[in-house]
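Quick notes on the structure that follows.
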Amino acid sequence: MVSININGLRGKKLELQAYLQTENPDIVALQETKINNSIATNELIPDTSGYDIYRNDRTGNGGGTMLFIKTHLDSAPLKILENGSESIWNKIVLQGKHHYIGSWYRPPDAPLDQIQLLKDQMDKIKKLGKANKQPCIHVLGDFNYRKINWQTKLNKDTNTCLNGSDGQALIDILNEASAEQLILFPTRESNTLDLIITTLPGQFTDIHSPDRLSDHDIVMGTLRCTIPRRTRPVRTFIQYSKGNYNQMRDDSRDFTRDRYFNGHQNNRNVEENWNMIKEFILGTTKINVPTKTSKGKQSIPWINNNIKAMIKRKNRTHANFKRNNSMRIKRKWQELRRTINKEIETAHNNYVNNLIGDMKQDSKPF
Numbered sequence: 001m002v003s004i005n006i007n008g009l010r011g012k013k014l015e016l017q018a019y020l021q022t023e024n025p026d027i028v029a030l031q032e033t034k035i036n037n038s039i040a041t042n043e044l045i046p047d048t049s050g051y052d053i054y055r056n057d058r059t060g061n062g063g064g065t066m067l068f069i070k071t072h073l074d075s076a077p078l079k080i081l082e083n084g085s086e087s088i089w090n091k092i093v094l095q096g097k098h099h100y101i102g103s104w105y106r107p108p109d110a111p112l113d114q115i116q117l118l119k120d121q122m123d124k125i126k127k128l129g130k131a132n133k134q135p136c137i138h139v140l141g142d143f144n145y146r147k148i149n150w151q152t153k154l155n156k157d158t159n160t161c162l163n164g165s166d167g168q169a170l171i172d173i174l175n176e177a178s179a180e181q182l183i184l185f186p187t188r189e190s191n192t193l194d195l196i197i198t199t200l201p202g203q204f205t206d207i208h209s210p211d212r213l214s215d216h217d218i219v220m221g222t223l224r225c226t227i228p229r230r231t232r233p234v235r236t237f238i239q240y241s242k243g244n245y246n247q248m249r250d251d252s253r254d255f256t257r258d259r260y261f262n263g264h265q266n267n268r269n270v271e272e273n274w275n276m277i278k279e280f281i282l283g284t285t286k287i288n289v290p291t292k293t294s295k296g297k298q299s300i301p302w303i304n305n306n307i308k309a310m311i312k313r314k315n316r317t318h319a320n321f322k323r324n325n326s327m328r329i330k331r332k333w334q335e336l337r338r339t340i341n342k343e344i345e346t347a348h349n350n351y352v353n354n355l356i357g358d359m360k361q362d363s364k365p366f
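Taking the UniProt record's numbering, the leading residue of the sequence shown gets 1, the next gets one more, and so forth.
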């Protein structure tokens, strides 16, 4: 599971696509997407990415959350948990257990009582499950509590008890739900803002920050469980380049002479004539143009192996920086990120130009 404060998805969509294609996480939660319903999801992430995508856009500026869940996990949205919070929830079934997964964003200037919306959601989840059974809840997001020391649960500046607005309200909610927060390192400057909250802390391993796509570090953890076998839908492709077009021309002449213009064309209405033509075209195509079936490839085609290798190198450099806090390593990571983003943009533009041609030099397709 991965949580990313993206701080504006439109400007980072290619970088996010490359991250998804390279690291292939099963579940990704985004915060601060800063998009609205005028922007279609497939404008941001291709349909071939292999994810079911759910979103909750803020009506005003900023904010917004999204969830990316791999298609083989068979996710279902949870409309019942919509309560005015900046969150989006889904349910998946793993090893016979229902897992409730949320992407949450709490703005820095949120009123004290807004975090109670998370408590309301957790209470509803308890009612959805079996009585006396601990529900499997995982909340990933940016909660913007700057003063919490998550190792001591005290104010990190004064080493004293927290008040409600500083984060004690969230800690109380987690205690009541028997949940734990797993991120113990800073995710923005010296503050731990981006959190992974779960009622199954013992099943999580490899908690770390693999990279950053904005001014927040990405945070991730691995939930140890058996996931369903990945299957791809079978698709049928028509191989037009191998069609017997001479035979199709002969069939077309016979059709027009013997069936269409057979003295009864004026007795048929427009709909009947169109259906006759359509059925002929489909029939002769099926006979004279071969097909093949394939399970297809769920991928983003412009992300090549060179880009993947560069991203993995960048991630290793970022991990090294997090361990050593060296400015020299940070500058190296920043340079790698700039180089990779240019490489991704070039690869994307080349892919698009190969599909549609260069409009300045060849305007025929338009």
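Each residue gets a CB set at the ideal place from its N, CA and C atoms; glycine is no exception. Keep in mind it's a predicted model, so treat the numbers as computed, not measured.
Is Leu213 closer than 8 Å to Ile6 when the C-beta atoms are compared?
-> yes
Any contact of the segment 143-159 with the segment 98-113, i.e. 3+ C-beta pairs under 8 Å?
-> The segment 143-159 makes contact with the segment 98-113, as at least three CB pairs between them are under 8 Å.
So, helix, strand or coil for His98, using DSSP?
-> Reduced to three states, the DSSP call for His98 is strand.
Who are the Cβ neighbours of Asn306 in its own chain at under 8 Å, not counting the five residues just before and after it?
-> Glu343
Where Glu32 and Asn304 are concerned, what is the direct C-alpha to C-alpha distance, given to the nearest angstrom?
-> 28 Å
Per-residue DSSP class, three states only, for Asn145 | First, the residue type needs correcting, since residue 145 is Tyr and not Asn in the sequence shown. Reduced to three states, the DSSP call for Tyr145 is coil.
Which of helix, strand or coil does DSSP assign to Cys130?
-> Cys is not the amino acid found at residue 130; the sequence shown has Lys there. If DSSP states are grouped into helix, strand and coil, Lys130 belongs with coil.
Closer than 8 Å by C-beta to Cys161: which residues in its own chain qualify, once you throw out the five before and the five after it? Chain order, please.
-> Only Leu154, Asn155 and Gln168 meet the Cβ criterion.
With C-beta atoms as the reference, is Leu73 less than 8 Å away from Ile300?
-> no
So is Asp123 buried or exposed if we call it buried at 16+ other beta carbons inside 10 Å?
-> With fewer than 16 Cβ atoms within 10 Å of its Cβ, Asp123 is classed as exposed.
Any idea what DSSP makes of residue 414, helix, strand or coil?
-> It is not possible to answer for residue 414, since the shown part of the chain is limited to 1 through 366.
Unbroken alpha helix (DSSP H) run spanning Met248, endpoints = Tyr245 to Asp254
Residue ranges of each alpha helix (DSSP H) run of no fewer than 4 residues wholly in the segment 261-289, ordered along the chain?
-> 270-288
Does DSSP classify Met1 as helix, strand or coil?
-> When secondary structure is reduced to three states using DSSP, Met1 falls in the coil class, being assigned neither helix nor strand.
Determine the direct distance from the alpha carbon of Lys330 to that of Ile207, and round the result to whole angstroms.
-> 21 Å
Nearest-angstrom Cα separation, counted from Gly283 out to Val28 | 45 Å
Going by Cα to Cα distance, which pick from Lys147, His98, Ile35 and Ile218 is closest to Lys130?
-> His98
Would you tell me roughly how many angstroms separate the C-alpha atoms of Leu78 and Ile197, rounded to the nearest one?
-> 18 Å
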